[in-house]
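Student: Chain order of the listed sequences is A and B. Those letters in the first sequence? Residues 331 to 480, by our numbering. Those letters in the second sequence? Residues 331 to 480, by our numbering. The beta carbon of each residue, even a glycine, is placed where N, CA and C say it ideally should be.
There are 2 protein chains.
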Amino acid sequence: MTKVRSEELLAQLKELTPRVTPQRRVILETICDRGGHLSAEDIVAEVTRRLPGVSPSTVYRNLQALENVGLISHVHMGHGVAQYQAADHGRHHHLVCGICGHTQQIDERTTSNLQRSLLEAHGFEADFDHFAIYGTCAECARTGRANSEG
Amino acid sequence: MTKVRSEELLAQLKELTPRVTPQRRVILETICDRGGHLSAEDIVAEVTRRLPGVSPSTVYRNLQALENVGLISHVHMGHGVAQYQAADHGRHHHLVCGICGHTQQIDERTTSNLQRSLLEAHGFEADFDHFAIYGTCAECARTGRANSEG
DNA sequence: TCCTTATTGCGAATGAGTCGCAATAGCATT
DNA sequence: AATGCTATTGCGACTCATTCGCAATAAGGA
Chain A
331 MTKVRSEELL AQLKELTPRV TPQRRVILET ICDRGGHLSA EDIVAEVTRR LPGVSPSTVY
391 RNLQALENVG LISHVHMGHG VAQYQAADHG RHHHLVCGIC GHTQQIDERT TSNLQRSLLE
451 AHGFEADFDH FAIYGTCAEC ARTGRANSEG
Chain B
331 MTKVRSEELL AQLKELTPRV TPQRRVILET ICDRGGHLSA EDIVAEVTRR LPGVSPSTVY
391 RNLQALENVG LISHVHMGHG VAQYQAADHG RHHHLVCGIC GHTQQIDERT TSNLQRSLLE
451 AHGFEADFDH FAIYGTCAEC ARTGRANSEG
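(1) Out of Ala462(B), Thr440(B), Phe454(B), which has the shortest C-alpha to C-alpha gap to histidine 452(A)?
(2) Which same chain residues, not among the five before or five after leucine 343(B), have their C-beta less than 8 Å away from its C-beta?
(3) What does the alpha-carbon distance come out to for the pair alanine 417(B) and histidine 367(B)?
(4) From which residue to which residue does the beta strand (DSSP E) around threonine 347(A) run?
(5) Got a sec, what are the start and stop residues for the alpha helix (DSSP H) cysteine 362(B) sits in?
(6) What is the DSSP secondary structure of leucine 425(B), reduced to helix, strand or coil?
(7) Quick one: is cysteine 467(B) near chain A, going by C-beta distance under 8 Å?
(8) Can you look up leucine 368(A) in the DSSP assignment and give me helix, strand or coil?
(9) For valine 426(A), which residues in the same chain have their Cβ closer than 6 Å to its Cβ, ignoring the five residues on either side in sequence?
(10) Can you have a look at valine 374(B) and say buried or exposed, based on whether 16 or more other CB atoms are within 10 angstroms of its CB?
(11) Would a check of beta-carbon distances place histidine 460(A) closer than 8 Å to chain B?
(12) Between Asp372(B), Thr347(B), Phe454(B), which lies nearest to alanine 471(A) when the distance is taken from Cα to Cα?
(13) Spatial neighbours of arginine 380(B) within its chain, please: C-beta separation below 6 Å, excluding the five flanking residues on both sides.
(14) Restricting to Cα atoms, I'd like to know which of Arg421(B), Pro386(B), Thr332(B), Thr347(B) is closest to asparagine 398(B).
(15) So, is the C-beta of glutamine 353(B) closer than 8 Å to a C-beta in chain A?
(16) Which same chain residues, not among the five before or five after cysteine 430(A), have their C-beta less than 8 Å away from its C-beta?
(17) Taking Cβ-Cβ distances shorter than 9 Å, what residues in chain A pair up with leucine 368(B)?
(18) Could you list which residues in chain B have their beta carbon closer than 7 Å to that of histidine 422(A), in chain order?
(19) Under 8 Å, do valine 481(A) and serine 442(A) count as touching if we go by C-beta distance?
(20) Looking at the C-beta of asparagine 443(B), does it have a partner C-beta in chain A at a distance below 8 Å?
(21) Going along chain A, which residues have a C-beta under 7 Å from serine 447(B)?
(22) Cβ of aspartate 372(A) less than 8 Å from any chain B Cβ?
(23) Name, please, each residue of chain B whose Cβ falls closer than 9 Å to the Cβ of leucine 425(A).
(24) Check alanine 471(A) in the structure and name its three-state DSSP category.
(25) Listing by chain order, which chain B residues have their CB less than 9 Å from the CB of alanine 416(A)?
(26) Chain B partners of glutamine 434(A), CB-CB under 8 Å?
(27) According to DSSP, which residues form a beta bridge with isoleucine 436(B)?
(28) Express the C-alpha separation of phenylalanine 458(B) and histidine 423(B) in angstroms, rounding to a whole number.
(29) Which same chain residues, not among the five before or five after glutamate 371(A), have their C-beta less than 8 Å away from its C-beta?
(30) Closest Cβ-Cβ distance between tyrosine 464(A) and chain B: below 8 Å?
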């Protein structure tokens, strides 16, 4: 992480949370450093590396706290645990393959027609940010692999 | 459940599973009786009422077994546990509200344009049967309720 | 430096299943 | 109807990912 980025985050933390602890700061930095998505377990592991002795429950509590103030968010990628990401990670939706687990990002506009239809027909505001679109990726479809997940 | 429906199910069980036990039969009947969706816990409760003494693990094992042979299926409705349904429950997708938890069924055709786009652009076969479409229902959007779920 | 109270670490508890294993019971055969 | 094979059951212990209660600690304002 660059020094300037780190200072930005620190400023945001000061503004948005009552107290800035090393644990909180490192947890946020860990998530912001990694471009992609991280599970809570991944975050516990990496934070422990950077700050030996942190308690897993502290990590879990801070994931909630940081999400409450809007600095991070999480997305459910099919089966399995949620993935966390920085709030400013760029706008996109996810496709997740139920067979190989591979995920890819797609442009938000891809879903806008469906979202419009659902809004018009049912008044329903679909949210593809919080749950990925589940299915079978090109590679698994081509090779005819079967889904053995629950 | 009608007598004829019950006999149909029994015939299917005989054909598709090595042994027909009372537990297995009652579990399948319970799911087929209820038009809608049931959580595993709901099924344990109802099966226990019909057949006192069944073990929860027997119910869980049979849910897997019945799903493996294609008699039932389950769908993930946002947060929370999966819902089971008879395999012949009629083809439709689900909208689930993340705020009030309300669900509604929609015609499969509603999503076909998006599915076509995803297939053409990414070779991805989206499956809206296994994961519901998550968002905010008309009523919650109207009254501006906020999402407090994880 | 002191004080208030938010935050931490610890370990126990939770929810929703899953697993190992001995006992039971379908059902094909005699 | 009795027998034998083995699928299935019930039980209880276990897992996984997370949450909770609580006493000790430590931010950060006065």
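Tutor: Per the coordinate set shown:
(1) The residue given as residue 452(A) occupies position 122 in the first sequence. For histidine 452(A), the closest C-alpha among the options Ala462(B), Thr440(B), Phe454(B) is that of Thr440(B).
(2) By 1-based counting over the second sequence, the position of residue 343(B) is 13. The residues are Val350, Arg354, Arg355, Leu358, Leu401.
(3) Your numbering for residue 417(B) matches position 87 in the second sequence. Your numbering for residue 367(B) matches position 37 in the second sequence. Taking the straight line joining both Cα atoms gives about 11 Å.
(4) As a working mapping, residue 347(A) is identified with position 17 in the first sequence. It is not in any beta strand (DSSP E) - threonine 347(A) carries neither H nor E in the DSSP assignment.
(5) Indexing the second sequence from 1 puts residue 362(B) at position 32. Cysteine 362(B) -> alpha helix (DSSP H) spans 352 to 363.
(6) One-based indexing of the second sequence puts residue 425(B) at position 95. The answer is strand: DSSP assigns leucine 425(B) an E or B state.
(7) Here residue 467(B) corresponds to residue number 137 of the second sequence, with the count starting at 1. By this cut-off, cysteine 467(B) is an interface position.
(8) Translated into the one-based positions of the first sequence, residue 368(A) becomes position 38. In this structure, leucine 368(A) counts as strand in the three-state DSSP scheme.
(9) Position 96 of the first sequence, counted from the start, is the residue given in the question as residue 426(A). Closer than 6 Å at the Cβ level, and outside the excluded window around valine 426(A), lie Met407, Gly408, Thr433, Ala462, Tyr464.
(10) Counting from 1 along the second sequence, the entry for residue 374(B) is found at position 44. When all chains shown are included, valine 374(B) counts as buried.
(11) As a first step, residue 460(A) is located in the first sequence; it is residue number 130 there, counting from the start. Taking a beta-carbon distance threshold of 8 Å, histidine 460(A) counts as an interface residue toward chain B.
(12) Reading the first sequence from its first residue, position 141 is the one you call residue 471(A). Minimum Cα distance to alanine 471(A) is reached at Phe454(B).
(13) Locating residue 380(B) in the second sequence gives position 50, where the first residue counts as 1. Closer than 6 Å at the Cβ level, and outside the excluded window around arginine 380(B), lie Val356.
(14) Stepping through the second sequence from its first residue, residue 398(B) is reached at position 68. Taking only the C-alpha atoms, the option nearest asparagine 398(B) is Thr347(B).
(15) Numbered from its first residue, the second sequence carries residue 353(B) at position 23. With a threshold of 8 Å between beta carbons, glutamine 353(B) makes no contact with chain A.
(16) Walking along the first sequence from the start, residue 430(A) turns up at place 100. Beyond the five residues adjoining it in sequence on each side, cysteine 430(A) comes within less than 8 Å, by CB distance, of Cys467, Glu469, Cys470, Arg475 in the same chain, given in chain order.
(17) Taking the first residue of the second sequence as 1, we reach residue 368(B) at position 38. Under the 9 Å cutoff, chain A gives no residues; its nearest Cβ is about 16 Å from leucine 368(B).
(18) Within the first sequence, the letter at position 92 stands for residue 422(A). One finds nothing in chain B with a Cβ atom closer than 7 Å to the Cβ of histidine 422(A); even the nearest lies about 13 Å away.
(19) No answer is possible for residue 481(A): it lies beyond the span of chain A, which begins at 331 and ends at 480.
(20) Here residue 443(B) corresponds to residue number 113 of the second sequence, with the count starting at 1. Closer than 8 Å: yes.
(21) What you label residue 447(B) is simply residue 117 of the second sequence in a count that begins at 1. Per Cβ cutoff of 7 Å: Thr440.
(22) Taking the first sequence and counting its residues from 1, the one referred to as residue 372(A) is at position 42. False, the Cβ-Cβ gap to chain B never drops below 8 Å.
(23) Taking the first sequence and counting its residues from 1, the one referred to as residue 425(A) is at position 95. The contacting residues are Leu448, His452, Phe454, Ala456.
(24) The count along the first sequence starts at 1 and reaches residue 471(A) at position 141. Alanine 471(A) falls in the helix class under three-state DSSP.
(25) As a working note, residue 416(A) is residue 86 in the first sequence. The contacting residues do not exist; alanine 416(A) stays about 18 Å from chain B at best.
(26) By one-based count along the first sequence, residue 434(A) stands at place 104. Going along chain B in sequence order, the residues near glutamine 434(A) (Cβ under 8 Å) are His452, Phe454.
(27) Counting from one through the second sequence, the residue named residue 436(B) turns up at place 106. His423(B).
(28) In the second sequence, counting from the first residue as 1, residue 423(B) sits at position 93. In the second sequence, counting from the first residue as 1, residue 458(B) sits at position 128. So the two alpha carbons sit approximately 6 Å from each other.
(29) The residue labelled residue 371(A) in the question sits at position 41 within the first sequence. Result list for glutamate 371(A): Val411, in chain order.
(30) Counting from one through the first sequence, the residue named residue 464(A) turns up at place 134. For tyrosine 464(A), at least one C-beta of chain B is nearer than 8 Å to its own C-beta.
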